[in-house]
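Only one structure is covered here, and it is reproduced in the block below.
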Amino acid sequence: MASDTESVATAAEKRKKALDLRRAGWSFEDIAAEVGYANKGSAHRAVKQGIAAITRESATELIELELSRLDDLLAGLYEQARNGDLFAVDRALKIMDQRAKFLGLYDHKTDDTSAEVRAALVGFKAALESRYGADDTYGQVTDGDPSPEDVPGDGEPRP
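Counting the sequence shown from 1 gives a position; our numbering is that position plus 58.
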């Protein structure tokens with residue numbers, strides 16, 4: 059009879075093989091048959107356990123590594139780009155774009171002042187309506203028959 063240590067080692071080896079086969083595109087049914095699981099559900103559980111057991115780097119460390127790689131790539135192109143090599147300029151800009159995405163620079167939203175502007179305009183309109191009345195057109199011609207002084211001349215700007 060196998061010891062507990064041997065059983066655990068065998069189970070871990072089977073999980074690793076199942077995970078490798080899944081990465082290679084095998085179906086769970088085929089994995090079960092190849093590795094020796096009772097059914098595709100057992101193979102699926104083994105693959106899920108294998109994925110969960112993978113030690114993952116923290117996202118911060120991974121981003122730092124990727125930024126370092128981008129820095130190295132940019133350093134190799136920088137002088138060529140500065141000297142006018144258009145291909146190097148294009149590649150450098152793409153590297154800088156990727157760096158900005160990693161750093162979340164495109165996600166940064168500026169302060170939205172449109173609500174403040176809208177409120178100011180509503181207040182201005184209310185002040186005009188209180189002074190002149192809501193029905194006043196503020197000097198606009200609305201009867202469709204403008205008088206000569208309401209029509210701009212050839213040298214005057216048109217509204």
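Backbone N, C-alpha and C define an ideal beta-carbon position, used for all residues, glycine too.
Between the region 92-99 and the region 116-130 there are fewer than three C-beta pairs closer than 8 Å, too few to call the two in contact. Within the model, the alpha-carbon separation for residue 160 versus residue 185 is close to 48 Å. The Cβ atoms of residue 149 and residue 135 lie closer than 8 Å to each other. In the structure shown, residue 132 adopts helical secondary structure according to DSSP, grouped into three states. In the three-state reduction of the DSSP assignment, residue 112 falls in the coil class, being assigned neither a helical nor a strand state. Contact check for residue 69 and residue 89: beta-carbon distance about 14 Å, past the 8 Å limit, so the pair fails to qualify. For residue 179, the enclosing alpha helix (DSSP H) begins and ends at 172-190.
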